[in-house]
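Everything on this sheet refers to the single structure shown next.
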Amino acid sequence: MARGRPDSQPLKENHWRINKIMKQKTYLGAISATVFALGACTSAIASNYTVGGPIQSHYFLPNWGANGQTVSIIPTLEGMTTVTAGPPGSKPAHMVPDPKGQFMFSINHGGNSLSVFDAKSGEFIKQIITGSENSKKGQGHQYYWSPDGDRLYVTELDDDSVVEIDARKLEVSRRAEDVADFPFGMVPAWDEGYLYVIGEGPGPVEVERPGNSVTQLDLTTFKPLKKIQVGKAPHAAAYTNGKVYVGNIAKGHRSVSVIDAAKGEVVKTIDVDYENPHFLEEPASGNHLLIVASKEVPELVLIDVRSDEVVGHFKAEEPDIGLNKIRHPIWHPSGESLYFPIGFNDGSSRIYQISVPDLKVLSISDPAPTVVHMLQWNKDNNRMYAASEGNAKKGIPPGVSIFKSRGDGSLKKLADIFADLPDGEEIKGHHGSLN
(Lines of atoms letter the chains of each structure in order from A; the text may use other names.)
(Lines give C-alpha, C1' and ligand atoms only; values in the text may rest on other atoms or scores of the structure.)
Protein backbone atom coordinates (compact mmCIF):
# COMPACT_ATOMS: atom_id res chain seq x y z
CA MET A 547 0.00 0.00 0.00
CA ALA A 548 1.58 3.22 -1.15
CA ARG A 549 1.70 5.99 1.40
CA GLY A 550 2.37 9.68 0.97
CA ARG A 551 0.88 12.77 -0.56
CA PRO A 552 -0.08 13.25 -4.20
CA ASP A 553 2.41 15.48 -5.97
CA SER A 554 -0.44 17.64 -7.21
CA GLN A 555 -0.87 19.24 -3.79
CA PRO A 556 1.82 18.87 -1.14
CA LEU A 557 0.95 18.90 2.50
CA LYS A 558 1.57 22.42 3.64
CA GLU A 559 2.06 24.07 6.97
CA ASN A 560 -0.10 27.13 7.15
CA HIS A 561 -1.78 30.08 8.54
CA TRP A 562 -4.37 29.22 11.03
CA ARG A 563 -6.51 32.08 12.14
CA ILE A 564 -8.00 32.20 15.60
CA ASN A 565 -10.80 34.66 16.01
CA LYS A 566 -11.09 35.74 19.67
CA ILE A 567 -9.83 33.01 21.94
CA MET A 568 -9.44 32.84 25.69
CA LYS A 569 -7.17 35.51 27.11
CA GLN A 570 -4.11 33.27 27.30
CA LYS A 571 -3.11 31.21 24.29
CA THR A 572 -1.22 28.76 26.48
CA TYR A 573 -4.51 27.55 27.92
CA LEU A 574 -5.63 26.32 24.53
CA GLY A 575 -3.03 23.57 24.27
CA ALA A 576 -4.95 21.59 26.86
CA ILE A 577 -7.74 20.79 24.42
CA SER A 578 -5.93 17.73 23.03
CA ALA A 579 -7.39 14.42 24.27
CA THR A 580 -6.53 10.77 23.84
CA VAL A 581 -9.68 8.66 23.74
CA PHE A 582 -13.30 9.41 22.90
CA ALA A 583 -15.99 7.68 24.89
CA LEU A 584 -19.29 9.51 24.98
CA GLY A 585 -20.75 7.19 27.55
CA ALA A 586 -24.30 8.43 27.59
CA CYS A 587 -24.81 8.34 23.85
CA THR A 588 -23.97 5.66 21.31
CA SER A 589 -21.13 3.19 20.74
CA ALA A 590 -17.84 4.54 19.43
CA ILE A 591 -18.25 2.13 16.52
CA ALA A 592 -21.17 3.84 14.86
CA SER A 593 -22.26 6.30 12.23
CA ASN A 594 -23.25 8.85 14.81
CA TYR A 595 -21.52 12.14 14.08
CA THR A 596 -21.24 12.76 17.85
CA VAL A 597 -18.64 9.99 18.10
CA GLY A 598 -15.02 10.83 17.32
CA GLY A 599 -12.05 8.50 17.00
CA PRO A 600 -9.81 7.17 19.77
CA ILE A 601 -6.79 9.45 19.27
CA GLN A 602 -8.32 12.93 19.61
CA SER A 603 -5.13 14.82 18.80
CA HIS A 604 -6.42 16.46 15.58
CA TYR A 605 -9.65 17.79 14.15
CA PHE A 606 -10.25 17.05 10.45
CA LEU A 607 -12.25 19.70 8.62
CA PRO A 608 -13.45 18.96 5.04
CA ASN A 609 -14.35 21.37 2.25
CA TRP A 610 -16.97 20.06 -0.19
CA GLY A 611 -17.31 23.11 -2.40
CA ALA A 612 -18.02 22.38 -6.06
CA ASN A 613 -14.30 22.15 -6.82
CA GLY A 614 -13.30 21.27 -3.26
CA GLN A 615 -10.47 18.84 -2.67
CA THR A 616 -8.88 19.76 0.65
CA VAL A 617 -9.09 18.69 4.28
CA SER A 618 -7.69 21.06 6.90
CA ILE A 619 -6.16 19.29 9.89
CA ILE A 620 -5.99 21.11 13.20
CA PRO A 621 -3.60 19.67 15.81
CA THR A 622 -4.75 20.88 19.24
CA LEU A 623 -5.05 24.62 18.61
CA GLU A 624 -1.42 25.43 17.85
CA GLY A 625 -1.16 25.01 14.10
CA MET A 626 -2.74 23.69 10.93
CA THR A 627 -1.88 21.61 7.88
CA THR A 628 -3.86 21.19 4.69
CA VAL A 629 -3.86 18.00 2.62
CA THR A 630 -5.63 16.98 -0.57
CA ALA A 631 -8.36 14.35 -0.64
CA GLY A 632 -7.93 13.91 -4.40
CA PRO A 633 -8.37 15.95 -7.58
CA PRO A 634 -10.57 19.06 -7.79
CA GLY A 635 -14.20 18.07 -7.44
CA SER A 636 -13.51 15.26 -4.98
CA LYS A 637 -15.62 17.27 -2.51
CA PRO A 638 -14.64 15.65 0.81
CA ALA A 639 -17.70 15.99 3.03
CA HIS A 640 -18.07 13.48 5.86
CA MET A 641 -14.97 12.84 7.95
CA VAL A 642 -15.18 9.31 9.37
CA PRO A 643 -12.81 8.37 12.21
CA ASP A 644 -11.51 4.81 12.43
CA PRO A 645 -12.66 3.31 15.77
CA LYS A 646 -9.30 1.50 15.93
CA GLY A 647 -7.35 4.72 15.49
CA GLN A 648 -5.45 3.72 12.35
CA PHE A 649 -7.09 5.83 9.64
CA MET A 650 -9.36 8.77 8.98
CA PHE A 651 -11.69 8.49 6.00
CA SER A 652 -13.49 11.17 4.01
CA ILE A 653 -16.67 10.24 2.22
CA ASN A 654 -16.38 12.35 -0.90
CA HIS A 655 -19.45 13.94 -2.45
CA GLY A 656 -17.77 13.76 -5.86
CA GLY A 657 -15.35 11.51 -7.70
CA ASN A 658 -16.84 8.09 -6.86
CA SER A 659 -14.38 7.71 -4.03
CA LEU A 660 -13.53 7.44 -0.37
CA SER A 661 -10.23 9.03 0.68
CA VAL A 662 -8.00 7.53 3.36
CA PHE A 663 -5.64 9.44 5.65
CA ASP A 664 -3.26 8.40 8.40
CA ALA A 665 -5.16 9.11 11.62
CA LYS A 666 -2.10 10.43 13.46
CA SER A 667 -0.17 12.39 10.84
CA GLY A 668 -3.05 13.30 8.52
CA GLU A 669 -1.08 12.18 5.48
CA PHE A 670 -3.11 11.11 2.44
CA ILE A 671 -2.79 7.38 1.82
CA LYS A 672 -5.09 6.45 -1.07
CA GLN A 673 -8.52 6.73 -2.64
CA ILE A 674 -10.92 3.81 -2.69
CA ILE A 675 -13.32 3.80 -5.65
CA THR A 676 -16.81 3.26 -4.26
CA GLY A 677 -19.08 4.29 -7.15
CA SER A 678 -19.28 3.32 -10.80
CA GLU A 679 -17.86 5.34 -13.67
CA ASN A 680 -21.42 5.99 -14.83
CA SER A 681 -22.32 7.97 -11.71
CA LYS A 682 -23.34 11.53 -12.51
CA LYS A 683 -22.14 12.90 -9.21
CA GLY A 684 -20.23 10.01 -7.72
CA GLN A 685 -21.52 10.85 -4.28
CA GLY A 686 -21.21 8.63 -1.25
CA HIS A 687 -23.23 9.75 1.73
CA GLN A 688 -24.34 7.79 4.80
CA TYR A 689 -21.90 5.51 6.65
CA TYR A 690 -21.84 3.00 9.48
CA TRP A 691 -19.15 0.89 11.09
CA SER A 692 -19.61 -2.82 11.72
CA PRO A 693 -19.65 -3.72 15.44
CA ASP A 694 -16.09 -5.09 15.24
CA GLY A 695 -14.80 -1.88 13.61
CA ASP A 696 -13.31 -3.72 10.61
CA ARG A 697 -15.93 -2.92 7.97
CA LEU A 698 -17.35 0.41 6.88
CA TYR A 699 -20.67 0.59 5.03
CA VAL A 700 -21.36 3.52 2.67
CA THR A 701 -24.33 4.41 0.49
CA GLU A 702 -23.69 5.52 -3.11
CA LEU A 703 -26.42 7.84 -4.32
CA ASP A 704 -26.17 7.69 -8.12
CA ASP A 705 -25.51 3.95 -8.14
CA ASP A 706 -28.47 3.16 -5.84
CA SER A 707 -26.02 0.91 -4.04
CA VAL A 708 -24.38 0.13 -0.71
CA VAL A 709 -20.70 -0.79 -0.52
CA GLU A 710 -18.86 -2.59 2.25
CA ILE A 711 -15.26 -1.43 2.79
CA ASP A 712 -12.64 -3.67 4.38
CA ALA A 713 -11.15 -1.01 6.63
CA ARG A 714 -7.92 -2.95 7.21
CA LYS A 715 -7.20 -3.90 3.58
CA LEU A 716 -8.63 -0.56 2.38
CA GLU A 717 -10.67 -2.03 -0.44
CA VAL A 718 -14.29 -2.71 -1.36
CA SER A 719 -15.21 -6.17 -0.09
CA ARG A 720 -18.88 -6.35 -1.13
CA ARG A 721 -21.32 -4.27 -3.13
CA ALA A 722 -25.11 -4.45 -3.09
CA GLU A 723 -26.62 -3.13 -6.33
CA ASP A 724 -30.06 -1.60 -7.01
CA VAL A 725 -30.81 -1.35 -3.32
CA ALA A 726 -32.75 1.90 -3.11
CA ASP A 727 -33.55 4.92 -5.24
CA PHE A 728 -30.95 7.58 -4.35
CA PRO A 729 -30.07 6.13 -0.91
CA PHE A 730 -29.31 9.22 1.14
CA GLY A 731 -29.51 7.43 4.47
CA MET A 732 -29.38 4.05 6.11
CA VAL A 733 -29.27 2.57 9.59
CA PRO A 734 -28.21 -0.90 10.77
CA ALA A 735 -30.32 -3.22 12.88
CA TRP A 736 -27.45 -5.45 13.97
CA ASP A 737 -29.49 -7.72 16.26
CA GLU A 738 -32.00 -8.37 13.50
CA GLY A 739 -29.30 -8.81 10.83
CA TYR A 740 -30.34 -6.03 8.44
CA LEU A 741 -29.36 -2.70 7.02
CA TYR A 742 -32.32 -0.43 6.40
CA VAL A 743 -31.52 1.76 3.38
CA ILE A 744 -33.57 4.85 2.56
CA GLY A 745 -34.76 5.54 -0.98
CA GLU A 746 -35.20 9.32 -0.99
CA GLY A 747 -35.30 9.54 -4.77
CA PRO A 748 -33.31 11.96 -6.98
CA GLY A 749 -34.34 15.52 -7.59
CA PRO A 750 -33.09 19.08 -7.76
CA VAL A 751 -34.57 19.94 -4.34
CA GLU A 752 -34.50 17.40 -1.53
CA VAL A 753 -38.02 18.19 -0.28
CA GLU A 754 -39.41 17.43 -3.75
CA ARG A 755 -37.68 14.09 -4.24
CA PRO A 756 -40.09 11.33 -5.26
CA GLY A 757 -38.83 8.37 -3.22
CA ASN A 758 -41.15 6.70 -0.71
CA SER A 759 -39.50 3.47 0.42
CA VAL A 760 -36.94 1.91 2.74
CA THR A 761 -35.13 -1.28 1.67
CA GLN A 762 -34.38 -4.14 4.03
CA LEU A 763 -30.88 -5.40 3.13
CA ASP A 764 -29.75 -8.77 4.49
CA LEU A 765 -26.29 -8.40 6.04
CA THR A 766 -25.41 -12.08 5.58
CA THR A 767 -26.11 -12.33 1.86
CA PHE A 768 -25.72 -8.59 1.23
CA LYS A 769 -28.84 -8.73 -0.92
CA PRO A 770 -31.95 -6.54 -0.72
CA LEU A 771 -34.98 -8.44 0.56
CA LYS A 772 -37.91 -6.06 0.22
CA LYS A 773 -38.95 -2.44 -0.06
CA ILE A 774 -41.12 -0.97 2.65
CA GLN A 775 -43.36 1.96 1.72
CA VAL A 776 -43.08 5.01 3.97
CA GLY A 777 -43.82 8.73 3.48
CA LYS A 778 -42.50 10.83 0.62
CA ALA A 779 -38.82 11.80 0.46
CA PRO A 780 -37.56 9.78 3.43
CA HIS A 781 -34.19 11.22 4.38
CA ALA A 782 -32.67 10.08 7.67
CA ALA A 783 -33.19 7.19 10.06
CA ALA A 784 -32.40 6.05 13.58
CA TYR A 785 -32.54 2.63 15.24
CA THR A 786 -33.55 2.02 18.83
CA ASN A 787 -35.69 -0.37 20.86
CA GLY A 788 -36.00 -2.83 17.96
CA LYS A 789 -37.44 -0.22 15.63
CA VAL A 790 -36.28 1.96 12.77
CA TYR A 791 -37.50 5.57 12.68
CA VAL A 792 -37.54 7.40 9.34
CA GLY A 793 -38.15 11.13 8.79
CA ASN A 794 -40.21 11.99 5.69
CA ILE A 795 -39.18 15.46 4.51
CA ALA A 796 -41.23 16.20 1.36
CA LYS A 797 -43.19 19.43 1.21
CA GLY A 798 -46.56 18.91 2.86
CA HIS A 799 -45.26 15.94 4.88
CA ARG A 800 -44.43 16.12 8.58
CA SER A 801 -44.22 12.52 9.66
CA VAL A 802 -41.89 9.89 11.05
CA SER A 803 -42.48 6.30 9.94
CA VAL A 804 -41.83 3.56 12.50
CA ILE A 805 -40.65 0.18 11.17
CA ASP A 806 -40.49 -3.07 13.15
CA ALA A 807 -36.84 -3.98 12.51
CA ALA A 808 -37.39 -7.74 12.75
CA LYS A 809 -40.48 -7.90 10.52
CA GLY A 810 -39.62 -5.07 8.15
CA GLU A 811 -43.11 -3.58 8.43
CA VAL A 812 -44.36 -0.08 9.20
CA VAL A 813 -46.16 -0.24 12.54
CA LYS A 814 -46.94 3.44 13.04
CA THR A 815 -46.75 6.88 11.46
CA ILE A 816 -46.13 9.78 13.85
CA ASP A 817 -47.18 13.36 13.07
CA VAL A 818 -44.47 15.73 14.41
CA ASP A 819 -46.48 18.92 13.70
CA TYR A 820 -43.89 20.62 11.46
CA GLU A 821 -42.43 20.03 8.00
CA ASN A 822 -39.03 18.56 7.16
CA PRO A 823 -38.25 16.24 10.13
CA HIS A 824 -34.68 16.05 8.87
CA PHE A 825 -32.43 15.11 11.81
CA LEU A 826 -32.93 12.10 14.08
CA GLU A 827 -30.84 11.49 17.20
CA GLU A 828 -31.13 8.19 19.07
CA PRO A 829 -31.95 8.23 22.80
CA ALA A 830 -29.30 8.95 25.38
CA SER A 831 -28.69 6.19 27.91
CA GLY A 832 -31.77 5.57 29.99
CA ASN A 833 -34.08 8.35 28.78
CA HIS A 834 -35.98 6.52 25.96
CA LEU A 835 -36.33 9.77 24.01
CA LEU A 836 -35.70 10.14 20.29
CA ILE A 837 -34.89 13.66 19.04
CA VAL A 838 -36.46 14.60 15.71
CA ALA A 839 -35.50 18.07 14.46
CA SER A 840 -36.44 20.11 11.43
CA LYS A 841 -33.95 21.59 8.98
CA GLU A 842 -36.37 24.18 7.68
CA VAL A 843 -37.77 25.69 10.90
CA PRO A 844 -36.26 25.93 14.43
CA GLU A 845 -38.39 23.14 15.86
CA LEU A 846 -37.86 19.68 17.30
CA VAL A 847 -39.87 17.05 19.12
CA LEU A 848 -39.09 14.28 21.58
CA ILE A 849 -40.63 10.88 20.86
CA ASP A 850 -40.85 8.31 23.66
CA VAL A 851 -39.74 5.13 21.88
CA ARG A 852 -41.66 2.92 24.32
CA SER A 853 -45.02 4.37 23.30
CA ASP A 854 -44.00 6.05 20.03
CA GLU A 855 -45.82 9.19 21.12
CA VAL A 856 -44.60 12.80 20.89
CA VAL A 857 -43.95 13.90 24.48
CA GLY A 858 -42.39 17.31 23.90
CA HIS A 859 -42.29 20.03 21.22
CA PHE A 860 -39.78 22.90 21.12
CA LYS A 861 -39.81 25.97 18.88
CA ALA A 862 -37.32 28.83 19.03
CA GLU A 863 -39.16 32.13 18.78
CA GLU A 864 -36.49 34.77 17.98
CA PRO A 865 -37.63 36.81 14.94
CA ASP A 866 -34.18 36.93 13.29
CA ILE A 867 -33.72 33.16 13.03
CA GLY A 868 -33.09 32.15 9.42
CA LEU A 869 -35.21 29.50 7.74
CA ASN A 870 -33.33 26.45 6.48
CA LYS A 871 -30.36 27.25 8.73
CA ILE A 872 -31.01 24.62 11.41
CA ARG A 873 -28.76 21.59 11.78
CA HIS A 874 -27.98 18.39 13.75
CA PRO A 875 -28.92 18.31 17.46
CA ILE A 876 -26.86 16.40 20.03
CA TRP A 877 -27.41 15.08 23.56
CA HIS A 878 -25.65 16.26 26.68
CA PRO A 879 -23.80 13.18 28.03
CA SER A 880 -26.17 13.07 31.00
CA GLY A 881 -29.21 12.85 28.74
CA GLU A 882 -30.80 15.63 30.82
CA SER A 883 -30.40 18.30 28.15
CA LEU A 884 -29.75 18.59 24.44
CA TYR A 885 -28.03 21.06 22.13
CA PHE A 886 -29.64 22.47 18.99
CA PRO A 887 -27.58 24.60 16.53
CA ILE A 888 -29.72 27.33 14.98
CA GLY A 889 -28.63 29.79 12.28
CA PHE A 890 -29.61 33.45 12.13
CA ASN A 891 -30.27 35.83 9.25
CA ASP A 892 -26.96 37.62 9.84
CA GLY A 893 -25.16 34.39 8.91
CA SER A 894 -24.08 33.46 12.43
CA SER A 895 -25.23 30.47 14.45
CA ARG A 896 -25.91 29.81 18.12
CA ILE A 897 -26.21 26.59 20.07
CA TYR A 898 -29.29 26.30 22.27
CA GLN A 899 -29.03 24.16 25.39
CA ILE A 900 -32.52 22.80 26.05
CA SER A 901 -33.71 20.91 29.13
CA VAL A 902 -35.23 17.42 28.91
CA PRO A 903 -38.05 16.49 29.02
CA ASP A 904 -39.69 19.92 29.46
CA LEU A 905 -37.75 21.56 26.59
CA LYS A 906 -36.95 24.88 28.23
CA VAL A 907 -34.00 26.98 27.02
CA LEU A 908 -31.23 26.70 29.62
CA SER A 909 -28.54 28.66 27.78
CA ILE A 910 -27.61 30.05 24.37
CA SER A 911 -23.98 29.97 23.27
CA ASP A 912 -21.80 32.75 21.95
CA PRO A 913 -22.24 32.95 18.17
CA ALA A 914 -20.28 30.85 15.73
CA PRO A 915 -19.31 32.85 12.62
CA THR A 916 -21.43 30.84 10.15
CA VAL A 917 -24.05 28.07 10.21
CA VAL A 918 -22.99 25.22 12.52
CA HIS A 919 -23.52 21.93 10.71
CA MET A 920 -22.81 19.43 13.46
CA LEU A 921 -21.51 19.08 17.01
CA GLN A 922 -19.08 16.65 18.64
CA TRP A 923 -17.86 16.13 22.20
CA ASN A 924 -14.32 15.32 23.25
CA LYS A 925 -13.64 12.25 25.37
CA ASP A 926 -13.99 14.05 28.67
CA ASN A 927 -17.27 15.65 27.60
CA ASN A 928 -15.94 19.08 28.59
CA ARG A 929 -15.21 20.43 25.09
CA MET A 930 -17.63 20.70 22.21
CA TYR A 931 -16.44 21.01 18.60
CA ALA A 932 -18.92 22.77 16.31
CA ALA A 933 -18.16 22.40 12.58
CA SER A 934 -19.24 25.52 10.70
CA GLU A 935 -20.16 25.54 7.03
CA GLY A 936 -18.53 28.80 5.97
CA ASN A 937 -20.12 31.58 3.96
CA ALA A 938 -19.04 31.96 0.35
CA LYS A 939 -20.81 35.33 -0.10
CA LYS A 940 -18.90 36.82 2.82
CA GLY A 941 -15.66 35.00 2.03
CA ILE A 942 -15.65 33.15 5.36
CA PRO A 943 -14.06 29.69 5.06
CA PRO A 944 -15.47 26.61 6.79
CA GLY A 945 -14.16 26.15 10.29
CA VAL A 946 -14.67 24.79 13.77
CA SER A 947 -15.75 26.66 16.88
CA ILE A 948 -14.54 25.13 20.14
CA PHE A 949 -16.55 25.54 23.31
CA LYS A 950 -15.87 24.69 26.93
CA SER A 951 -18.79 23.02 28.71
CA ARG A 952 -19.34 24.43 32.18
CA GLY A 953 -20.71 22.40 35.08
CA ASP A 954 -24.28 23.36 34.22
CA GLY A 955 -23.78 22.38 30.58
CA SER A 956 -23.69 25.94 29.25
CA LEU A 957 -21.04 26.64 26.64
CA LYS A 958 -18.19 29.17 26.72
CA LYS A 959 -16.51 29.77 23.37
CA LEU A 960 -12.75 29.29 23.34
CA ALA A 961 -11.96 29.83 19.67
CA ASP A 962 -13.15 30.05 16.08
CA ILE A 963 -10.66 28.40 13.71
CA PHE A 964 -10.96 28.59 9.94
CA ALA A 965 -9.77 26.28 7.18
CA ASP A 966 -6.90 27.52 5.03
CA LEU A 967 -8.28 26.90 1.54
CA PRO A 968 -6.20 27.21 -1.65
CA ASP A 969 -7.00 30.21 -3.84
CA GLY A 970 -10.02 29.49 -6.02
CA GLU A 971 -11.40 26.59 -4.00
CA GLU A 972 -15.08 27.18 -3.36
CA ILE A 973 -16.31 27.31 0.23
CA LYS A 974 -18.65 24.71 1.74
CA GLY A 975 -17.92 22.95 5.03
CA HIS A 976 -19.70 19.86 6.32
CA HIS A 977 -19.03 17.01 8.79
CA GLY A 978 -15.71 17.43 10.59
CA SER A 979 -14.40 15.04 13.22
CA LEU A 980 -11.80 14.40 15.89
CA ASN A 981 -9.43 11.61 14.87
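Numbering-wise (this note's numbering), the sequence shown opens with residue 547 and increments by one.
Each residue gets a CB set at the ideal place from its N, CA and C atoms; glycine is no exception.
Since we're looking at a predicted model, the values are computed, not measured.
For this session: On a CA-only basis, which of Phe890, Ser947 and Gly788 is nearest Tyr740? Give me that one, please.
Result: Gly788
For this session: Over the uninterrupted beta strand (DSSP E) stretch that includes Gln673, give me the two end residues.
Result: Phe670 to Ile675
Exercise. Below 8 Å between beta carbons: does that hold for Ala537 and Gln615?
Worked result: Look at the range of the chain in this structure, 547 to 981, and you will see that residue 537 is not part of it.
Problem set entry | Val776 in three-state terms, based on DSSP | coil
Problem set entry | Contact with chain D by Val857, beta-carbon distance below 8 Å | Protein chain content of the structure displayed is limited to a single chain, and chain D is not contained in it.
For this session: Report all residues from its chain with a CB closer than 6 Å to the CB of Ala862; omit the five preceding and five following residues, and keep chain order.
Result: Pro844 and Ile888
For this session: Run through the region 843-874 for me and flag every whole beta strand (DSSP E) of 3 or more residues, listed as ranges in chain order.
Result: 845-850, 855-861 and 867-872
Problem set entry | Among Ala783, Asp962 and Ala938, the one whose alpha carbon lies nearest that of Met930 | Asp962
Exercise. CB-CB under 6 Å to Ala782, same chain, minus the five flanking residues each way: which ones, in chain order?
Worked result: Gly731, Gly793 and Leu826
Exercise. CB-CB under 6 Å to Gly936, same chain, minus the five flanking residues each way: which ones, in chain order?
Worked result: Thr916, Ile942, Pro943, Pro944, Ile973 and Gly975
Exercise. Measuring CB to CB, does Asp817 end up less than 8 Å from Ser840?
Worked result: no
Exercise. Do you know how far the Cα of Lys809 is from the Cα of Ile675?
Worked result: 34 Å
Exercise. Near Arg852, which residues of its chain fall below 8 Å by C-beta distance, leaving aside the five closest residues on each side in sequence?
Worked result: Asn787 and His834
For this session: State the Cα-Cα distance for the pair Pro829 and Ala612, rounded to the nearest angstrom.
Result: 35 Å
Problem set entry | Closest by C-alpha distance to Asp669, when choosing among Thr628, Asp704 and Asn822 | Note that residue 669 corresponds to Glu in the displayed sequence, not to Asp. With distances taken between Cα atoms, Glu669 lies closest to Thr628.
Exercise. If you draw a straight line from the alpha carbon of Leu836 to that of Pro968, how long is it in whole angstroms?
Worked result: 41 Å
Exercise. If we ignore side chains and look at the alpha-carbon of each, how far apart do Lys950 and Ala914 end up?
Worked result: 14 Å
For this session: Within 10 angstroms of the Cβ of Pro770, are there 16 or more other Cβ atoms? Answer buried if so, exposed if not.
Result: buried
Problem set entry | Residue of Val857, Ser911, Gly798 and Leu765 minimising C-alpha distance to Arg721 | Leu765
Problem set entry | Run of the beta strand (DSSP E) containing Asp764, from where it starts to where it stops | Ser759 to Asp764
For this session: Assign Arg896 to one of two classes, buried (16 or more other C-beta atoms within 10 Å of its C-beta) or exposed (fewer than that).
Result: buried
Exercise. Secondary structure at Glu746, three-state DSSP: helix, strand or coil?
Worked result: coil
Exercise. Beta strand (DSSP E) containing Ile948: first to last residue?
Worked result: Gly945 to Ser951
Exercise. From this set, Ser759, Ala938, Lys959 and Ile948, which residue's C-alpha is nearest Glu971's C-alpha?
Worked result: Ala938
Exercise. Considering only the beta carbon of each residue, do Gly677 and Pro643 sit closer than 8 Å?
Worked result: no
Exercise. Considering only the beta carbon of each residue, do Val725 and Val709 sit closer than 8 Å?
Worked result: no
Exercise. Using DSSP with H/G/I as helix, E/B as strand and the rest coil, what is Val813?
Worked result: strand
For this session: Below 8 Å on the Cβ atoms is my guess for Ile671 versus Val662; work out the distance and round it to an integer in Å.
Result: 4 Å
Problem set entry | Straight-line gap, Ala796 to Gly757 (C-alpha atoms, nearest Å) | 9 Å
For this session: Please classify Pro879: is it buried, with 16 or more other beta-carbons within 10 angstroms of its beta-carbon, or exposed?
Result: buried
Exercise. Who are Ile942's beta bridge partners in DSSP?
Worked result: Asn937
Exercise. With distances taken from CA atoms, which of His977, Arg873, Leu763 and Phe886 is nearest Glu738?
Worked result: Leu763
For this session: Please check the pair Gln899 and Leu905, which I expect to be a contact at CB under 8 Å, by giving their CB distance rounded to whole angstroms.
Result: Gln899 to Leu905, Cβ: 11 Å. No contact.
For this session: For Met930, write down the residues that DSSP places opposite it in a beta bridge.
Result: Trp923 and Phe949
Exercise. Do you know how far the Cα of Pro865 is from the Cα of Lys715?
Worked result: 52 Å
For this session: Have a look at Ala933 and Gln922 and give me their C-alpha separation to the nearest angstrom.
Result: 8 Å
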